[in-house]
Amino acid sequence: MYRFRFESVLRYRQQAMDQVRREFSELQRKLVTEYSRLDLLEQTGREYARLFHERQGEGIAIREVGLFQSFFHRLHFETDAQRKKLYSLNQRVEGKRQELLDASKKKKVLERLREVEEDQYREEERKREQRQYDEIAVNKITRAQAIWRAPGTDEDLVRTGEKGER
Numbered sequence: 112m113y114r115f116r117f118e119s120v121l122r123y124r125q126q127a128m129d130q131v132r133r134e135f136s137e138l139q140r141k142l143v144t145e146y147s148r149l150d151l152l153e154q155t156g157r158e159y160a161r162l163f164h165e166r167q168g169e170g171i172a173i174r175e176v177g178l179f180q181s182f183f184h185r186l187h188f189e190t191d192a193q194r195k196k197l198y199s200l201n202q203r204v205e206g207k208r209q210e211l212l213d214a215s216k217k218k219k220v221l222e223r224l225r226e227v228e229e230d231q232y233r234e235e236e237r238k239r240e241q242r243q244y245d246e247i248a249v250n251k252i253t254r255a256q257a258i259w260r261a262p263g264t265d266e267d268l269v270r271t272g273e274k275g276e277r
């Protein structure tokens, strides 16, 4: 029975890759959430810009203009902060993606080594079995020849065609 000598290392690499994959998935989920947040901020900005434009057409009080400006300033600040957060998160996602690729490559190297060693083991087993079969066949032939050549045996008489003494 074949036993891979680096099986524990392969299991460790699999666990490490699984952990990196979970971290990568979590970062991707965060990225989707943060993009949704940016979309919401931008949509809010568009809606309030439309509302501001409508209010200007109706005549707007200076105090309201100040409130809108304050709101737009704050929204602009939050949108910029969100874009920076997304940039940073994208960097982390790409770093984790590379880490996942590296972990996958390390695991595949060991899996390939296991395949090669297992193939070699099977080939050696096949050769060993063939040698055993060959040895059994040679032994049978040798025994049969020894019996055939043994003087005084029935086989010897049949072979020589003689009966009685020699």
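Residue numbering for the sequence shown follows my numbering, beginning at 112 and increasing consecutively.
Note that beta-carbon positions come from the ideal geometry of N, C-alpha and C, so glycine has one too.
Taking C-beta atoms under 8 Å as the contact rule, residue 138 and residue 207 qualify, at a distance of about 5 Å. Counting every other CB atom within 10 Å of its CB across the protein chains shown gives residue 135 a total of 16 or more, marking it as buried. Between residue 115 and residue 228 the beta-carbon gap is near 7 Å, inside 8 Å, which marks them as a contact.
Assigned with DSSP and collapsed to three states, residue 182 falls in helix.
Closest in C-alpha terms to residue 118, from the list 132, 184, 222, 254, comes 222.
When secondary structure is reduced to three states using DSSP, residue 206 falls in the helix class.
Taking C-beta separations shorter than 8 Å and ignoring five residues to either side along the sequence, the partners of residue 182 in its chain run 159, following chain order. The three-state reading of DSSP puts residue 115 in coil, since its state is none of H, G, I, E or B. Short of 8 Å from the beta carbon of residue 149, and not among the five residues preceding or following it, lie these beta carbons of its own chain, in chain order: 190, 193, 194, 197.
Here the alpha carbon of residue 236 sits roughly 25 Å from the alpha carbon of residue 120. For the 8 Å CB-CB criterion, residue 124 and residue 248 do not form a contact. The Cβ atoms of residue 152 and residue 200 do not sit closer than 8 Å to each other. In this structure, the straight-line span from the alpha carbon of residue 126 to that of residue 144 is close to 27 Å.
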